[in-house]
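Following: one structure in structure tokens, then a few remarks.
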Amino acid sequence: MLKNSPIISASPDVVGGTPVFASTRVPVQTLLDYLKAGESIDDFLDGFPTVTREQVIALLEEAGKQLVGMVA
């Protein structure tokens, strides 16, 4: 599970409990919205400099592992 990990955190005191990239106030959903709209990771990172490339890659890798694990 990613929630409250080194990648994602969620706290009622930060953006009302919305899952955000750890140590930021940037919702994870924002990255997903960017990707869904056809934007690149670089575009996202340009708009949200408090999120690192490493955080984005780690999130996508972990989400992929969890998805594959669900259907395997």
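Just remember that our numbering sits 7 ahead of the position in the sequence shown, which is counted from 1. Where a beta carbon is used, it is the ideal one built from N, C-alpha and C, also for glycine. These figures come from a predicted structure and were not determined experimentally.
Would you mind working out which of V78, T57, F28 sits nearest L67, comparing C-alpha positions? Comparing Cα positions, the closest option is F28.
Reduced DSSP secondary structure (H/G/I, E/B, other) of F28: DSSP, reduced to helix, strand and coil, places F28 within a strand of the structure shown.
V21 to R32, Cα distance in whole Å? Taking C-alpha positions only, V21 is separated from R32 by approximately 7 Å.
For I15: DSSP bridge partner residues: Partner(s): F28.
Under 6 Å Cβ to Cβ from V63, same chain only, skipping five residues before and after it: list those, please. Only I48 meet the Cβ criterion.
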